[in-house]
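First to last, the protein sequences are chains A and B.
Residues in the first sequence are numbered from 37 upward in steps of one, following our numbering.
Residues in the second sequence are numbered from 235 upward in steps of one, following our numbering.
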Amino acid sequence: MGLASKDRLRAKIKGDDTTVRVLLSHPMHTGRAKNDADELIPAQFIQDIRCWRNEEEVLTIKCGTATAKNPYFSFQLVGGAIGDRIRIRWVDNVGAKGSVDTTVI
Amino acid sequence: MTSETDQQRRQVLKGAISASTLAMVAASGLLLPKQLLAHWPKDAFNAETVEDALLTLLGQAEVAEDSAVSFKVGTPPSYAVNGASVPIQILSNIANIERIAVLVEKNPFPLAMSLDITPAVRLPFKSMIKIREDSQVIAIIRANGKLYKTSRFVEVDIGGCG
Numbered sequence: 037m038g039l040a041s042k043d044r045l046r047a048k049i050k051g052d053d054t055t056v057r058v059l060l061s062h063p064m065h066t067g068r069a070k071n072d073a074d075e076l077i078p079a080q081f082i083q084d085i086r087c088w089r090n091e092e093e094v095l096t097i098k099c100g101t102a103t104a105k106n107p108y109f110s111f112q113l114v115g116g117a118i119g120d121r122i123r124i125r126w127v128d129n130v131g132a133k134g135s136v137d138t139t140v141i
Numbered sequence: 235m236t237s238e239t240d241q242q243r244r245q246v247l248k249g250a251i252s253a254s255t256l257a258m259v260a261a262s263g264l265l266l267p268k269q270l271l272a273h274w275p276k277d278a279f280n281a282e283t284v285e286d287a288l289l290t291l292l293g294q295a296e297v298a299e300d301s302a303v304s305f306k307v308g309t310p311p312s313y314a315v316n317g318a319s320v321p322i323q324i325l326s327n328i329a330n331i332e333r334i335a336v337l338v339e340k341n342p343f344p345l346a347m348s349l350d351i352t353p354a355v356r357l358p359f360k361s362m363i364k365i366r367e368d369s370q371v372i373a374i375i376r377a378n379g380k381l382y383k384t385s386r387f388v389e390v391d392i393g394g395c396g
């Protein structure tokens, strides 16, 4: 939907767990900032992020405007094995979507 | 003659439309709980006070302060040069965590993010948030029907909600 997709996702086994790190590429406009012409930039921010491991939905993150630009998240998944598929999908308040997936290494 | 056929066609169309609408309504009614869960909680994110946000998001605002939650904000802790991206980290030993909410008291809309956790997820959870000015940053964990709250006061050099 018009946004350059440079979302990054890394999943790595660390000890017994899988460490997942996500870096999404999104401006996260709050609707309060102004551009150079002193006009308000309309709000555009990611609202909903979901994470799947294989076919199981493991985490939902709901964001407000206070999530930083280019949102970064990191968390662990219990257990896991090399080769598991991790998938992230997000949608923002104007309907732009993105998805990124990777395999656990 | 033609107008009569038209009339009939209209009736038939009307019937078809209302039938399909009814079917859609019924279907959405059946799906309602799931859709509500999946929906972005607009009221909670648009609430302007911490209490309102909590009440809307979690249905209750009474919380127990708890030291079982480790909550770090900023690097070094409790300080951030740039409020536009302040690292946070939440770690806890509480079992059966259902939901975690992060709120910034002085932000225009305090609720920053809300996580729905399944048992497959283990903390720590790390992320970055925006903080407008020096403020309490609050992490609320709901587990076993109880709320656990931890807060940190964070100093911000450059506000991050511009």
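We put the CB at the ideal spot given by N, CA and C, even for glycine.
Between the Cα of residue i and those of the options, spot the shortest distance and give me the residue it belongs to.
i        : options                                : result
A:Arg123 : A:Arg86, A:Gln80, A:Lys133             : A:Arg86
A:Asp137 : A:Val58, A:Gly51, A:Lys70, A:Ile49     : A:Val58
B:Ile374 : B:Ser385, B:Glu367, B:Asp368           : B:Ser385
B:Arg376 : B:Phe387, B:Pro275, B:Ile351           : B:Ile351
A:Ile82  : A:His65, A:Asp74, A:Leu76              : A:His65
B:Ile392 : B:Ala318, B:Ile324, B:Gln323, B:Pro353 : B:Ala318
A:Asn90  : A:Val130, A:Gly131, A:Ile118           : A:Ile118
B:Glu332 : B:Ala354, B:Trp274, B:Phe343, B:Thr309 : B:Ala354
B:Gln323 : B:Pro342, B:Leu292, B:Pro310, B:Phe305 : B:Phe305
A:Ala144 : A:Asp74, A:Trp126, A:Gly116, A:Glu75   : With chain A covering 37 to 141 only, the question about residue 144 of chain A has no answer from this structure.
B:Gly334 : A:Ile97, A:Gly51, A:Glu75              : A small correction: the amino acid at residue 334 of chain B is Ile; Gly does not occupy that position in the sequence shown. Here the closest residue by C-alpha is A:Ile97.
A:Gly51  : A:Trp126, A:Val114, A:Ala132           : A:Val114
My guess is that residue i and residue j are in contact by the Cβ rule of under 8 Å, so how many angstroms apart are they, rounded?
i        : j        : result
B:Arg347 : B:Val336 : Per the sequence shown, residue 347 of chain B should be read as Met rather than Arg. Their Cβ separation, rounded to whole angstroms, is 5 Å, which keeps B:Met347 and B:Val336 in contact under 8 Å.
B:Arg356 : A:Asp53  : 6 Å
B:Val284 : B:Ile372 : 7 Å
B:Ser312 : B:Phe359 : That belief does not hold up - the Cβ atoms of B:Ser312 and B:Phe359 are roughly 19 Å apart, past 8 Å.
B:Ala278 : B:Leu345 : 6 Å
Locate the beta strand (DSSP E) running through residue i, then write down its first and last residues.
i        : result
A:Thr96  : 92–99
B:Asn316 : 313–316
B:Pro358 : 355–363
A:Gly134 : 133–139
B:Val371 : 369–377
A:Leu76  : A:Leu76 -> no beta strand (DSSP E), and no H or E assigned at all.
A:Lys105 : A:Lys105 -> no beta strand (DSSP E), and no H or E assigned at all.
B:Phe305 : 303–307
B:Ile331 : 331–338
B:Phe343 : No beta strand (DSSP E) contains B:Phe343, which DSSP labels as neither H nor E.
A:Arg57  : 53–59
The alpha helix (DSSP H) that contains residue i, what's its start and end?
i        : result
B:Leu288 : 284–292
Do residue i and the ligand ZN come close, with the Cβ less than 6 Å from some heavy atom?
i       : result
A:His62 : This structure lacks the ligand ZN; in fact it carries no ligand of any kind.
In chain order, what residues of the same chain lie with their CB nearer than 6 Å to the CB of residue i, ignoring the 5 residues before and after it?
i        : result
A:Tyr108 : Leu59
A:Asp43  : Leu60, Ser61, Gly134, Val136
A:Trp88  : Arg123
A:Leu45  : Val58, Ile124, Val136, Thr138
A:Val130 : Gln80
Leaving aside the five residues before and after residue i along the sequence, list all residues of the same chain whose C-beta is less than 7 Å from its C-beta, in chain order.
i        : result
B:Leu256 : At B:Leu256, the pLDDT of 49 sits below 50, so the modelled position is not reliable and the matter cannot be decided from this model.
A:Phe111 : Val56, Leu95
A:Ala69  : Ile77
A:Ile49  : Gly116, Ile118, Val140
B:Val307 : Val320, Ile322, Val371, Arg386, Val388
What residues in its chain sit with their C-beta under 8 Å from that of residue i, if we drop five residues either side in the sequence?
i        : result
B:Asp368 : Lys340, Phe387, Val388, Glu389, Val390
A:Asp128 : His62, Gln80, Phe81, Ile82, Gln83
A:Asn71  : Ile77
B:Thr290 : Pro275, Asp277, Ala278, Ala281
Is there contact between the region 372–380 of chain B and the region 321–339 of chain B, where contact requires at least three CB pairs shorter than 8 Å? The region 321–339 of chain B and the region 372–380 of chain B touch, with three or more beta-carbon pairs separated by less than 8 Å.
Inter-stretch contact at 8 Å, needing at least 3 Cβ pairs: the region 358–372 of chain B / the region 94–114 of chain A: Taking a cut-off of 8 Å for Cβ pairs, the region 358–372 of chain B and the region 94–114 of chain A touch, as three or more such pairs fall below it.
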